[in-house]
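Visitor: Before we start, here is the structure in question, set down as structure tokens.
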Amino acid sequence: MPAKLEGKVATAPPRPNHIRPASVAALAAVADVHLTGPAHADVQVTGVTLRAQHVVPGDLYAALPGAHAHGADFAETALANGAVAVLTDEAGAARESLRDVPVLVHPRPREVVGLLAAHVYGRPSTKVRLWGVTGTSGKTTTTYMIESVLKAAGRHTGLIGTVGTRIGDEQLGSSHTTPEAPDLQALFAVMAERGVTDVAMEVSSHALHLGRVAATEFEIGAFTNLSQDHLDFHADMEEYFQVKAQLFDGRARREVVCVDGDWGPRLVKPGTVTVATTGPATWTASGVEVSPTGEQTFTAHGPDGDIEIHLPLAGSFNVANALLAIACLHAEGVPSDAIQRGLATVQVPGRMQRVDEGQDFTAVVDYSHKPAAVALALDAVRAKTDGRVVVVLGCGGDRDRAKRPLMGRAAAERADVVIITDDNPRSEEASLIRAAVLEGALATENRGEVLEIGDRRLAIFKAVELARPGDVVVVAGKGHETGQEVAGVIHPFSDVETLTAAIRKAHR
Ligand SMILES: Nc1ncnc2c1ncn2[C@@H]1O[C@H](COP(=O)(O)OP(=O)(O)O)[C@@H](O)[C@H]1O
Ligand SMILES: [Mg+2]
5 MPAKLEGKVA TAPPRPNHIR PASVAALAAV ADVHLTGPAH ADVQVTGVTL
55 RAQHVVPGDL YAALPGAHAH GADFAETALA NGAVAVLTDE AGAARESLRD
105 VPVLVHPRPR EVVGLLAAHV YGRPSTKVRL WGVTGTSGKT TTTYMIESVL
155 KAAGRHTGLI GTVGTRIGDE QLGSSHTTPE APDLQALFAV MAERGVTDVA
205 MEVSSHALHL GRVAATEFEI GAFTNLSQDH LDFHADMEEY FQVKAQLFDG
255 RARREVVCVD GDWGPRLVKP GTVTVATTGP ATWTASGVEV SPTGEQTFTA
305 HGPDGDIEIH LPLAGSFNVA NALLAIACLH AEGVPSDAIQ RGLATVQVPG
355 RMQRVDEGQD FTAVVDYSHK PAAVALALDA VRAKTDGRVV VVLGCGGDRD
405 RAKRPLMGRA AAERADVVII TDDNPRSEEA SLIRAAVLEG ALATENRGEV
455 LEIGDRRLAI FKAVELARPG DVVVVAGKGH ETGQEVAGVI HPFSDVETLT
505 AAIRKAHR
């Protein structure tokens with residue numbers, strides 16, 4: 005899941021300094037919503053938020069209905085913090101606490117909150133060039149590649165995604181892969197104010213589905229791939245695809261699509277730039293060579309000729325990600341030498357990240373937490389070792405159950421040793437999650453050895469203990485993340501730190 009710590013971050017997201025206030029009446033007109041309450045049509049709004057505790061004076065408080073509570077339940081806090089108007093539905097508008105403020109009423113207020121925020125902040129997505137990347141996997145990697153190249157080309161960049169939000173080199177925290185609609189609009193405005201010219205952004209299916217990127221204008225929309233994931237959230241693959249496809253409904257000025265696999269080709273229209281590693285497309289790759297350390301070189305073939313690429317990231321899928329980034333960058337006129345320099349130096353935290361303590365085997369932390377991603381990561385390391393592959397992995401609780409045995413199988417089919425452990429059991433009984441993963445692993449023909457060690461730290465130490473010279477140890481799951489969520493509590497945990505500690509201990 006892209007947003008494992010969803011809802012746990014309490015700090016208020018940044019706001020722009022300069023805002024041209026919008027009257028409540030103007031907002032009502034923009035979103036075509038009904039305005040009730042006392043005659044305050046000229047009340048001026050200078051910000052928008054969904055969270056009562058984040059309200060600052062002058063805000064429109066968006067009191068949305070939720071699964072557990074109604075935002076209107078927190079209206080008193082919002083008003084005490086200085087909210088000057090409220091957006092809500094009929095049920096919210098009926099609250100006694102909203103008697104004395106102007107209220108914008110919409111049957112589905114979530115659908116218009118992005119539009120209202122975009123209006124208040126001056127349509128900020130049009131003040132930067134926005135590079136949106138969607139798909140099941142590769143979003144973070146591709147946005148990092150785009151960011152790295154744009155920096156090499158001298159642009160001032162922003163980055164929004166799983167690993168966090170970045171303005172230039174300044175790192176802000178992040179709890180959602182894609183922020184809530186009003187926070188996102190404020191963030192674009194902050195970035196524009198600070199001189200950012202280009203923003204590379206992961207666009208998750210949740211974000212599209214929940215309207216978080218409503219009223220957002222993309223320069224580029226890019227599609228990586230689609231595989232089984234988030235089926236706890238979407239009814240089936242077709243629905244999941246339709247949600248991802250929303251990025252290609254005309255909201256992006258230019259569309260770039262990877263057509264490897266079954267789903268990408270369905271997004272292709274006249275004018276779409278295509279990318280493929282397995283067949284014909286606008287952009288293809290050849291001559292892929294992988295060094296013993298996993299670095300790759302290849303030739304990218306595009307409409308204006310070839311570009312020789314050196315990529316420090318392992319995994320054949322990263323050729324596809326790089327090709328997608330190259331196609332986007334080229335379409336926007338970024339010169340080939342900047343593409344070469346930017347890709348040659350790109351680093352993505354927790355994606356095939358090597359831990360090197362001078363040990364005689366390879367150790368990798370990878371954020372793969374989906375069956376297809378596990379398969380690809382293991383195939384990638386398998387391709388460059390004569391030794392054995394040892395993998396540590398688990399599945400999250402309260403999420404897609406169907407993927408658990410598939411994860412077990414993806415690992416058991418490819419690794420010599422599979423160590424099944426815990427990965428954010430959340431409210432579920434951890435041993436039952438492991439049992440489901442174990443079932444898939446044990447049912448695999450020609451499988452490797454399978455162990456079960458619930459304690460993630462012990463599991464990682466065991467993997468290191470089992471490693472022989474020339475082997476590869478892969479710790480799959482957390483990537484850059486720094487917590488293990490058990491029964492509502494997030495315990496500090498880092499795969500990179502734990503793996504480092506294990507290697508140091510074993511090889512003292
Ligand atoms: N193009 C791709 N195709 C298949 N798997 C990929 C691809 N890119 C990355 N992966 C796998 O998915 C993991 C997550 O990659 P990431 O770039 O963080 O994707 P996302 O942000 O979409 O979740 C990687 O560590 C790798 O194992
Ligand atoms: Mg991501």
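Just so we're aligned: the sequence shown equals residues 5 to 512 in our numbering. All residues carry an ideal CB built from backbone N, CA and C; glycine is no exception.
Where does the unbroken alpha helix (DSSP H) through Leu251 begin, and where does it stop?
Guide: First-last for Leu251: undefined, no H or E at that position.
Visitor: What are the partner residues of Cys262, as DSSP defines its beta bridges?
Guide: Paired residue(s): Val279.
Visitor: State the DSSP-derived secondary structure class of Glu10, mapped to helix, strand or coil.
Guide: Since pLDDT at Glu10 reaches only 36, below the 50 mark, its modelled position is unreliable, and the value read off the structure follows with that caveat. The answer is coil: DSSP assigns Glu10 none of H, G, I, E or B.
Visitor: With burial defined as no fewer than 16 other Cβ atoms inside 10 Å of the residue's Cβ, what is the status of Asp475: buried or exposed?
Guide: Counting Cβ neighbours within 10 Å, Asp475 comes out buried, since at least 16 surround it.
Visitor: Hey, which unbroken runs of the alpha helix (DSSP H) at 4 residues or more fall wholly within the region 199-248?
Guide: 209-213
Visitor: For a test of your reading of the model: does the CB of Gly165 fall under 8 Å from any non-hydrogen atom of ligand 2? Yes or no.
Guide: yes
Visitor: With three or more beta-carbon pairs closer than 8 Å as the criterion, would you say the region 324-331 touches the region 141-160?
Guide: Counting C-beta pairs with one atom in each stretch, the region 324-331 and the region 141-160 have three or more that are closer than 8 Å, which means they touch.
Visitor: Who are the near neighbours of Gly172 in its chain, counting only those whose CB is closer than 8 Å to its CB and skipping five residues on each side?
Guide: His160, Thr161, Gly162, Arg198, Val200
Visitor: How many angstroms separate the CA atom of Gln246 from the CA atom of Leu470?
Guide: Looking at the two C-alpha atoms, the distance is approximately 45 Å.
Visitor: What does DSSP give as the partner residue(s) for Tyr125 in the beta ladder?
Guide: Paired residues: none, contrary to the question.
Visitor: Would you be able to state if there are at least three C-beta pairs under 8 Å between the region 486-494 and the region 421-434?
Guide: Yes: the two stretches touch, three or more of their Cβ pairs being nearer than 8 Å.
Visitor: Would you kindly check if the distance between the Cβ of Gly225 and the Cβ of Gly136 is under 9 Å?
Guide: yes
Visitor: Are three or more beta carbon pairs between the region 451-459 and the region 495-502 nearer than 8 Å?
Guide: no
Visitor: I'd like to check one pair, Pro25 with Val124: are the Cβ atoms closer than 9 Å?
Guide: yes
Visitor: Can you give the Cα-Cα distance for Pro284 and Val207, rounded to whole angstroms?
Guide: 26 Å
Visitor: If Val279 sits next to Val261, beta carbons under 8 Å apart, how far is it from one beta carbon to the other, in whole angstroms?
Guide: 7 Å
Visitor: With 16 other CB atoms within 10 Å as the buried threshold, where does Val60 fall?
Guide: exposed
Visitor: Using the rule of at least 16 other Cβ atoms within 10 Å of the residue's Cβ for burial, across every protein chain shown, is Glu443 buried or exposed?
Guide: Classification for Glu443: exposed.
Visitor: Please state the DSSP three-state secondary structure of Glu469.
Guide: helix
Visitor: Look at the alpha carbon of Ala7 and the alpha carbon of Leu347, and state the distance between them as a whole number of angstroms.
Guide: Per-residue confidence for Ala7 stands at a pLDDT of 32, beneath the threshold of 50, marking its modelled position as unreliable; no derived number is given.
Visitor: In or out: Arg103 buried (at least 16 other Cβ within 10 Å) or exposed?
Guide: In summary, Arg103 is exposed, with fewer than 16 beta-carbon neighbours lying within 10 Å of its beta-carbon over all protein chains present.
Visitor: For ligand 4, I want to know if Thr486 counts as a neighbour, meaning its beta carbon is within less than 8 Å of at least one of the ligand's heavy atoms.
Guide: Ligand 4 is absent from the structure shown, which contains only ligand 1 and ligand 2.
Visitor: Measuring alpha carbon to alpha carbon, tell me which residue in Ser129, Val167, Lys509 is nearest Glu361.
Guide: Answer by Cα proximity: Lys509.
Visitor: For Ala66, which residues does DSSP report across the bridge?
Guide: According to DSSP, Ala66 bridges with Leu91.
Visitor: Can you round the beta-carbon distance between Glu223 and Arg127 to whole angstroms, since I take them to be within the 8 Å contact cut?
Guide: Contact flag wrong, Cβ pair sits at about 14 Å.
Visitor: For Glu151, verify whether its CB is less than 8 Å away from any heavy atom of ligand 1.
Guide: no
Visitor: In this structure, does DSSP put Ala367 in helix, strand or coil?
Guide: Taken through DSSP and simplified to helix, strand or coil, Ala367 comes out as strand.
Visitor: Between the beta-carbon of Thr389 and the beta-carbon of Ala416, is there less than 9 Å?
Guide: no
Visitor: On the DSSP bridge assignment, give the partners of Gln488 in chain order.
Guide: Looking at the DSSP output, Gln488 shares a beta bridge with His495.
Visitor: Helix, strand or coil: how does DSSP classify Thr161 here?
Guide: strand
Visitor: Looking only at its own chain, which residues have a Cβ that is under 6 Å from the Cβ of Val441, when we skip the five neighbours before and after it?
Guide: Cys399, Arg408, Met411, Gly412, Ile424
Visitor: Grab the span of the beta strand (DSSP E) containing His305 for me, first residue to last.
Guide: 300-306
Visitor: If you reduce the DSSP assignment to three classes, tell me which class Ser435 lands in.
Guide: helix
Visitor: Per DSSP, what kind of secondary structure is Ala196 in: helix, strand or coil?
Guide: Looking at Ala196 - three-state DSSP - the assignment turns out to be helix.
Visitor: Going by the DSSP bridge assignment, what does Gly168 pair with across the sheet?
Guide: DSSP lists Gly165 as partners of Gly168.
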